[in-house]
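Heads up: the sequence shown begins at 138 in our numbering, then just goes up one per residue.
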Amino acid sequence: MLRHMRTSVDIPDHLLRRAKRTARERGTTLRQLLVDGLRSMVGLDKRAPRRHRLKDVSFGEGGLVDGLSWSDAERMDTLVYGERG
């Protein structure tokens, strides 16, 4: 029995536009394009690239920097991506 879960993800506008265009060009749906991409990245596809691990460069304790809250996703996004969004 196949099970599916509905979820929401925050994707930069320019990337979503390109993904929609790619799906159209390949004659598939955005959903299928995303599923195929996820399968290849999490190793469920024999053609999957080697898993890339980022070096842990974290330091300190207690989580976020002073003045930043976990619920402040928009501010975090701005700090991480700047105007590239």
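Where a beta carbon is used, it is the ideal one built from N, C-alpha and C, also for glycine.
For this session: Given a cut-off of 8 angstroms, decide if Arg212 and Leu205 are closer than it, judged by their beta-carbon atoms.
Result: Taking the sequence shown and counting its residues from 1, the one referred to as residue 205 is at position 68. Taking the sequence shown and counting its residues from 1, the one referred to as residue 212 is at position 75. Their beta carbons are under 8 angstroms apart, which means Leu205 touches Arg212 by this criterion.
For this session: Look at the alpha carbon of Asp120 and the alpha carbon of Gly219, and state the distance between them as a whole number of angstroms.
Result: Because the chain here runs from 138 to 222, residue 120 falls outside it and cannot be looked at.
Problem set entry | Opening and closing residue of the alpha helix (DSSP H) in which Gly198 lies | Position 61 of the sequence shown, counted from the first residue, corresponds to residue 198. Going by the sequence as given, residue 198 is Glu instead of Gly. No alpha helix (DSSP H) holds Glu198; DSSP gives it neither H nor E.
Problem set entry | Distance, Ser208 Cα to Gln169 Cα | Residue mapping note: residue 169 aligns to position 32 of the sequence shown, counting from 1. Residue mapping note: residue 208 aligns to position 71 of the sequence shown, counting from 1. So the two alpha carbons sit approximately 31 angstroms from each other.
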